[in-house]
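There are 4 protein chains.
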Amino acid sequence: MEPKPSGRRELTKAQNRETILAAARQVFAQLGLAGATVRDVIRATPLASGTFYNYFKSKEEVYQALRDEVALRLRPRLREARAGADSAETFLAQSFRAFFQFVAENHQPSAEPERLRMDSPEVLAGFAELKQDIEEAQARGVLPPADAASLTAALVGVAFELAERIKAGADVEEMTLFATQLFLGGMNALSKA
Amino acid sequence: MEPKPSGRRELTKAQNRETILAAARQVFAQLGLAGATVRDVIRATPLASGTFYNYFKSKEEVYQALRDEVALRLRPRLREARAGADSAETFLAQSFRAFFQFVAENHQPSAEPERLRMDSPEVLAGFAELKQDIEEAQARGVLPPADAASLTAALVGVAFELAERIKAGADVEEMTLFATQLFLGGMNALSKA
Amino acid sequence: MEPKPSGRRELTKAQNRETILAAARQVFAQLGLAGATVRDVIRATPLASGTFYNYFKSKEEVYQALRDEVALRLRPRLREARAGADSAETFLAQSFRAFFQFVAENHQPSAEPERLRMDSPEVLAGFAELKQDIEEAQARGVLPPADAASLTAALVGVAFELAERIKAGADVEEMTLFATQLFLGGMNALSKA
Amino acid sequence: MEPKPSGRRELTKAQNRETILAAARQVFAQLGLAGATVRDVIRATPLASGTFYNYFKSKEEVYQALRDEVALRLRPRLREARAGADSAETFLAQSFRAFFQFVAENHQPSAEPERLRMDSPEVLAGFAELKQDIEEAQARGVLPPADAASLTAALVGVAFELAERIKAGADVEEMTLFATQLFLGGMNALSKA
DNA sequence: TATGAATGAGGCTTCATTCAT
DNA sequence: AATGAATGAAGCCTCATTCAT
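Chains as they are written, first to last, in the numbering used here: chain A, 97 to 289; chain B, 97 to 289; chain C, 97 to 289; chain D, 97 to 289.
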């Protein structure tokens, strides 16, 4: 009498997971991770409270999934941006542009300026990847030599901080140009020291 | 509802406030702002629960006091560092060194790498001050011209990100040198563009 | 934060609501509304503290539910009592008797002689109904003319005050007779004035 | 070196007590006895919290003092009203008029329609006094015979209930006339039964 | 006496989580 | 798998009251 559990069920499962993630995205943006509760997330959903636990063990797990999702969407774009780089300038400019564009597309005005925490496996992997790409580029002579770890940190720092200006309305190209020239000149100076 | 005989009267008001702040510093470091509760803070204190509310209205208020306190100790050191600068190199080197030294002295190992939120009035004022000093240094010819807002953001981003390396054990002088040269070369390039 | 295995599932929702109301009735009678706390009510129940909030938002809401419940049981009896009245005497006697009987049946010895507050919608509706019935009875000539609002107030005042004597052990019939004659004679006098 | 504790001190003491009572009157009117706290009363005062306990042991004690104060001001007026009564009509009319006038003068618009509780010694004494006066008046032939206890209850009930109408703006003389005639006719009927 | 900070019991409520349906 | 009522630990905070000054 029951219809056979076709693809319909699978779809529902995936949909429920997405429903929860979407609600969490919104709730975290409004309330911050600290302020949000599992209840808040559930309430922003047509689902029942128990259903949440079929998909996630805790608020933190959802948060983590959200961060990974971001990294998952961002990393390929960054990798691609760096892939075709045959000069320091293209390496930098394409990387910054890709990041700033992503920020511009995805940022949602949030009551909580909660800075993205960057300790999830996916995000850390993205950083490691960047460091590795820098080292390779240095080896290929595309980037001048300099301590890769510090350089990675500096790039990340500048990127995140200028991203705040993007969120506040600054122009993507302008920020890209600024960051690119800063690092072009800076790396040049570092390699001569 | 009956108070106990006490004896806690030996502690002055200011001392109690300090006691709470110290406990909060430790608790937030261990649990993070999100994870910590007012109860946790009180428990890390010899005081009674009600006493907390004689000094702070909420966890957030303590947190804010803590951030302001940091800014209050850091700002004079940064101002002083920049005050005597008669060249771009000294401006940058002394600023970075002061900041990195402060981080090295004050950082406590924390389970939560929770990045300092930078939206407290004191911290924001520190940023505004930096931007203004940069503009003045540019006017005096000490720093080459470039968009001061973006430059401030970039300096802050690099400083905070390299500070993480300091916390992880990196050398203050090394980081100072790296950052200084990065920006010396970078600003030079920017001013020529 | 771990719920215990339960077993409480045998009680239906409606039963739980009744359980809380019954406990509240008892607790309010003993401690008075002012003195009672939500905790007291919960403690007089086999339920968990959180369960209370599945049914009522506050102590006041329970109190209100209790008052309405009383009015809900009393009003039909009073209406019925007045319905068949074809003379002033039956109108009054049956009304007072119904009320005094209700009080005698339902009163529980209470530490707090807290007078029933009469501002709940249900109770007010009961008063309005009485006033209307009085006006109709006056129109039909069953009751002599007199200011209906004042008359209602007077009837209510006498009924409530004599109810105290009932609670203290006075006889229902005796009080009914007293009140009936008082108003028979009184209304007569008023209609002549 | 200290000025001798003249009458100044006595004045202050009495003033403080009055200050607290006045604050309590207001606070109870706004918040109701149940809702008001000692803190609320203190806050409505320029005094320190500890000072409260030099004058009263608890919120209830203040409340009781307030009720007694009312009874203390009302009783003499009622006694006087009845003193000169040489007929049932004057006995009733002067009593009701005195009471309604007192209500009209003293009532303050209150968020809480909290009915005056009538179990304080002072208030009960007032009732006993009334009952006694009624019995005396019956003995003198001024009032017709009827069960004095029930009659007292009925008078009180009507008086309090019509007082609500006074608070709502009804006219003192009108209510006095209504109540007087009701009881004149009513007692007459009762004495004949 | 007056003050007001300290106390800690205990009020109110929400929370994460389970589990019978 | 989905539901949602029940649970009770534990959060938040206010309260009455004391007592050193």
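Note that CB positions come from ideal geometry on N, CA and C, so glycine has one too. This structure is a prediction, so every number in the text was calculated from the model and none was measured.
| Item | Value |
| --- | --- |
| Please list, in chain order, the chain A residues whose beta carbon lies closer than 7 Å to that of B/A194. | Simply none; closest approach about 18 Å. |
| Which whole-angstrom value is the C-beta distance of B/A184 and B/M271, which I expect to be below 8 Å? | In fact, because the Cβ distance is near 18 Å, the residues do not count as touching under 8 Å. |
| Just how far apart, CA to CA, sit A/R261 and C/A120? | 58 Å |
| How would you call D/S102, buried or exposed, if buried means at least 16 neighbouring beta carbons within 10 angstroms? | Because D/S102 carries a pLDDT of 45, less than 50, the predicted location of this residue cannot be relied on, and no value is offered for it. |
| So the alpha helix (DSSP H) A/D182 belongs to, where does it begin and stop? | Careful: A/D182 lies outside any alpha helix (DSSP H) and carries neither H nor E. |
| State the DSSP-derived secondary structure class of A/L239, mapped to helix, strand or coil. | coil |
| 8 Å is my cut-off, CB to CB: does C/G163 come that close to chain D? | Correcting the residue type first, residue 163 of chain C is Arg in the shown sequence and not Gly. So no, C/R163 is outside the interface. |
| Determine the contact status of A/A285 and B/L280, defining contact as a CB-CB distance below 8 Å. | yes |
| If you measure between the beta carbons of D/D164 and D/E114, is that distance less than 8 Å? | no |
| If you draw a straight line from the C-alpha of D/A161 to the C-alpha of D/L117, how long is it? | 8 Å |
| If the criterion is Cβ atoms closer than 8 Å, does the pair B/S191 and B/R171 meet it? | no |
| Should C/S183 be flagged as near chain D, meaning a C-beta pair shorter than 8 Å? | no |
| Between the stretch 232-241 of chain B and the stretch 243-253 of chain A, are three or more C-beta pairs nearer than 8 Å? | no |
| Using a Cβ cut-off of 7 Å, pull out every chain A residue sitting near B/L280, in sequence order please. | A285 |
| Would you identify the three-state DSSP class for A/G265, choosing helix, strand or coil? | coil |
| Under the rule that 16 or more other beta-carbon atoms within 10 Å means buried, what is C/A321, buried or exposed? | Because chain C is modelled from 97 through 289, residue 321 of chain C falls outside the range shown and cannot be assessed. |
| Using a Cβ cut-off of 8 Å (strictly closer), state whether A/L129 contacts chain B. | yes |
| I need the boundaries of the alpha helix (DSSP H) containing B/T115, first residue and last residue. | 109-131 |
| Kindly list, in the order they appear in chain D, the residues whose Cβ is closer than 9 Å to that of C/F256. | G253, F256, E257 |
| Residues in the same chain with beta-carbon distance under 6 Å from A/T147, minus the five sequence neighbours each way, listed in chain order, please. | none |
| List the residues of chain C whose Cβ lies closer than 8 Å to the Cβ of D/Q277, in chain order. | G282, A285, L286, A289 |
| Spell out whether any CB of chain D is found under 8 Å from the CB atom of C/A249. | yes |
| Residues in the same chain with beta-carbon distance under 8 Å from C/E176, minus the five sequence neighbours each way, listed in chain order, please. | A194 |
| Run down chain C in chain order and give the residues with a C-beta less than 8 Å from the C-beta of D/E260. | A249 |
| I believe B/V254 touches B/A275 by the beta-carbon criterion, under 8 Å. Please report the beta-carbon distance rounded to the nearest angstrom. | 6 Å |
| If the criterion is Cβ atoms closer than 8 Å, does the pair C/L305 and C/Y159 meet it? | Since the displayed chain C opens at 97 and closes at 289, residue 305 of chain C lies outside it and no answer follows. |
| Listed from N- to C-terminal order along the chain, which residues in the stretch 222-246 of chain C have their beta-carbon within a distance smaller than 9 Å of any beta-carbon of chain D? | A242, D243, A245, S246 |
| Is C/T141 helix, strand or coil when you go by DSSP? | coil |
| Hey, does B/F274 have any beta-carbon neighbour from chain A nearer than 8 Å? | yes |
| Report the option in C/L143, C/K109, C/K155 whose CA atom is closest to the CA atom of C/G131. | C/K155 |
| Return the chain-ordered list of same chain residues with a C-beta closer than 8 Å to the C-beta of D/D136, the five sequence neighbours on each side being excluded. | V123, L127 |
| For A/A244, name the three-state secondary structure that DSSP assigns. | helix |
| Taking 8 Å as the threshold (C-beta atoms), are C/A250 and D/E257 in contact? | yes |
| If D/N112 sits next to D/Y151, beta carbons under 8 Å apart, how far is it from one beta carbon to the other, in whole angstroms? | 6 Å |
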